[in-house]
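In what follows, a structure is listed as structure tokens, so that the remarks can point back to it.
2 protein chains.
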Amino acid sequence: MPGQIREPGRTVTSRVLAVLDAFGPDDTGLSLAELCRRTGLAPSTAHRLAAELVEWGGLERGDDQRYRIGLRLFEIGMRAPGRRGLMEAARPFLEDLYEVTHENVHLAVRDGHHAIYLDKITGVRAVGAPARAGDRLPLHATGMGKALLAFARPELFAEIVREGLPRYTPHTLTSPELLRRALARTRERGFAVAAQEYSLGTVSVAAPVLSADRRHALAAISVVVHSSRANIDRLGPAVRTAAMGAARHFSRPAEDGPGTRGG
Amino acid sequence: MPGQIREPGRTVTSRVLAVLDAFGPDDTGLSLAELCRRTGLAPSTAHRLAAELVEWGGLERGDDQRYRIGLRLFEIGMRAPGRRGLMEAARPFLEDLYEVTHENVHLAVRDGHHAIYLDKITGVRAVGAPARAGDRLPLHATGMGKALLAFARPELFAEIVREGLPRYTPHTLTSPELLRRALARTRERGFAVAAQEYSLGTVSVAAPVLSADRRHALAAISVVVHSSRANIDRLGPAVRTAAMGAARHFSRPAEDGPGTRGG
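From first to last, the protein sequence lines stand for chains A and B.
Under my numbering, the first residue of the first sequence is numbered 962, with each subsequent residue one higher.
Under my numbering, the first residue of the second sequence is numbered 962, with each subsequent residue one higher.
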């Protein structure tokens, strides 16, 4: 293990994981040189680890010699039960919400200090929305994030504030006091609104999928619309209804339909 | 690295990957003992590797001390570009197909000798369908698989036949000659049908999402219905239209809508 001798502070495992971490959300392929630069690994080490990952299927190497995340990692990632159970419970309600609004509909959970998208529904009639499943969002600047934060353990608010509240647009709530009030309002009416706080021109309305004791958000559902057609009075109750349906469905064990596994 | 001395034939990387491989599609959590049994690793090695994976976020360990696939792996898996680009191109057409049929709609790609589900749309009105994104399906026994196989390099057929054509129901095409004819018919009419060939009671109708030169399937789209309501004359053209729309959309670079990344 020559790499280990040269880099005594890093285990082999951590270097394998560093190779996977090197791929960002918008990367369509990394050359070996880019992989070395991002991981700090020596070319021989990076090449060997990448080759093992390619053989396993976690990475793919194209005709252009660039590495990409492979379908084996997609397959394993889909086995995250935090995702699967929620997504299966929520999907029918996301579909209904999409059919009613024909706007972009999202499902997210909280992962530490971020919201992470699990699912997204969009149609040919919805506005183009670059947000994708697997993307991470800040908690304080999105409807989704505020719905999750409003129904989380109370210390989380202080942690988020301590980390700082980055500004994304002139409308981002960067003051702890304003954010605190927005969260209280979210708890009051059962849904959160973020008006151009993360990106200009869009409004998101989000409701928490609550645990059976109604104290914690297991997930959140949001609709993202152009600010020109944001009708909060109409969207709020629709999103809330979808989130309540998903919560009820999630707490009940799924029924298996008669033999419809075929594709 | 005591594990390495005891198991000289396995690299550390292969053991990390064996830990990930241990999680099957239906596992909701593995104990350390189960992890050892499935990977063949010594408890100390399995525990150390799992702890590193937990710290990274690729595994999660619940209050019940069982390991689960974590959201970090979901996040990275979603970065597989083979999935993302196709899914984004296909999603609006899957939605339309769902709105027209209100049946289970799927998107899959071929990964070696299997079809792997990328996406699935289902609603409260569709029959329960245990098939999920990330699942693997045999090529010869599903509509999805036959659509992919009919538009693949010709040698693939021989490879699949050589591996054997397992029987799932009395209707599975286990004869190479019958399968060859079904694939010819699929190429002729532009869509494949599998009638109770993978599970009794369901029929799937699938069409390939073809490359620009129309010679290879990049993916396939299917609708799965109860055999009692399988109207092939109606479903075939609908699925084909959706697949053609996705193909056209995929070959065109995606437009970014005006600032709708917010959640």
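Backbone N, C-alpha and C fix where the C-beta goes; we use that ideal spot for every residue, glycine too.
Only a predicted model underlies this, so the values are computations on that prediction, with no experimental measurement involved.
Query: Member of A/G1162, A/N1192, A/A1111, A/G1019 whose CA lies at the smallest distance from the CA of A/A1181; Result: A/A1111
Query: Residue nearest to A/S1160 in terms of C-alpha spacing, selected from A/D988, A/A1178, A/R1128; Result: A/R1128
Query: Sequence-distant residues of the same chain with beta carbon closer than 8 Å to B/H1008, five excluded per side; Result: L993
Query: Same chain only: Cβ atoms within 7 Å of A/P1214, ignoring 5 sequence neighbours per side; Result: Caution applies to A/P1214, whose pLDDT of 46 falls short of 50 and renders its modelled position unreliable; the model cannot decide the point.
Query: Distance between B/E1149 and A/E995 (C-alpha atoms, nearest Å); Result: 45 Å
Query: Minimum C-alpha distance to A/R1234 - residue among A/L1179, A/V1066, A/G1151, A/V1186; Result: Lying outside 962 to 1224, the shown extent of chain A, residue 1234 of chain A is not represented and no answer is given.
Query: Interface flag, A/D1174 vs chain B, CB-CB below 8 Å; Result: no
Query: Cβ-Cβ separation, B/A1167 to B/V1061 (assumed contact under 8 Å), whole Å; Result: Not quite, the Cβ-Cβ distance comes to about 16 Å (not below 8 Å), so this is no contact.
Query: Boundaries (first-last residue) of the beta strand (DSSP E) holding A/E1036; Result: No beta strand (DSSP E) contains A/E1036, which is instead part of the alpha helix (DSSP H) from 1032-1038.
Query: Whole-angstrom C-beta distance between A/L1144 and A/K1107, which should lie under 8 Å; Result: 6 Å
Query: Contact under 8 Å by Cβ, B/K1234 with B/R1097; Result: Because chain B is modelled from 962 through 1224, residue 1234 of chain B falls outside the range shown and cannot be assessed.
Query: Members of the stretch 1094-1110 of chain A near chain B, C-beta cut-off 9 Å; Result: A1094, G1095, D1096, R1097, L1098, A1102, T1103, G1104, M1105, G1106
Query: Partners in chain B for A/F1152, counting only beta-carbon separations shorter than 7 Å; Result: Simply none; closest approach about 14 Å.
Query: Chain A contact for B/S975 (CB, 8 Å cutoff); Result: yes
Query: Status (buried if at least 16 other CB within 10 Å, exposed otherwise) for B/R1175; Result: exposed
Query: Bounding residues of the alpha helix (DSSP H) (the contiguous stretch that carries B/R1209); Result: 1193-1212
Query: Span separating the alpha-carbon of A/T974 from that of B/V973; Result: 7 Å
Query: A/H961 (DSSP reduced to helix, strand or coil); Result: What is shown of chain A runs 962 to 1224, which leaves residue 961 of chain A out entirely.
Query: Residue-level contact to chain A via CB, B/R999, 8 Å cutoff; Result: no
Query: Sufficient close CB pairs (3 or more, under 8 Å) joining the stretch 1012-1026 of chain B to the stretch 1014-1026 of chain A; Result: no
Query: Within chain A, partners of B/A1204 - CB distance below 8 Å; Result: Going along chain A, no residue has its Cβ under 8 Å from B/A1204, so there is no contact; the nearest lies around 14 Å.
Query: Assigned exposure category for B/G1038 - 16 Cβ within 10 Å defines buried; Result: buried
Query: Min CB distance B/G1031 to chain A below 8 Å; Result: yes
Query: C-beta atoms of B/V1186 and B/E1056 nearer than 8 Å; Result: no
Query: Between the CA atoms of A/L1139 and B/R1040 - distance to the nearest angstrom; Result: 35 Å
Query: Spatially closest choice to B/L1109 from B/H1074, B/L1134, B/A1119, B/T1130, by CA coordinates; Result: B/H1074
Query: Burial state of A/T989 (16 or more Cβ within 10 Å); Result: exposed
Query: Residue from A/V1170, A/R971, A/G1019 with nearest C-alpha to A/L1002; Result: A/R971
Query: Alpha-carbon to alpha-carbon, B/R1052 and B/G1206; Result: 10 Å
Query: Backbone CA spacing between A/G1104 and A/S1183 [nearest angstrom]; Result: 7 Å
Query: C-beta contact flag for A/R1027 and A/T1006 at 8 Å; Result: no
Query: Neighbour list for A/V1004 in chain B, Cβ cutoff strictly below 9 Å; Result: In the sequence as presented, Val is not what sits at residue 1004 of chain A; that position holds Pro. Correct list: empty, because the minimum Cβ distance to chain B is about 17 Å.
Query: Below-8 Å beta-carbon distance, B/G1220 vs any chain A residue; Result: Because B/G1220 sits at a pLDDT of 35, beneath the cut-off of 50, its placement in the model cannot be relied upon, and the following sentence gives the value as read from the coordinates. Taking Cβ atoms only, chain A reaches closer than 8 Å to B/G1220, which makes this a yes.
Query: Beta carbon of B/V1154 nearer than 8 Å to that of B/V1170; Result: no
Query: CA-to-CA distance, A/A1156 to A/S1189, given in whole angstroms; Result: 11 Å
Query: Contact check, B/L1047 vs B/V1070, beta carbons under 8 Å; Result: yes
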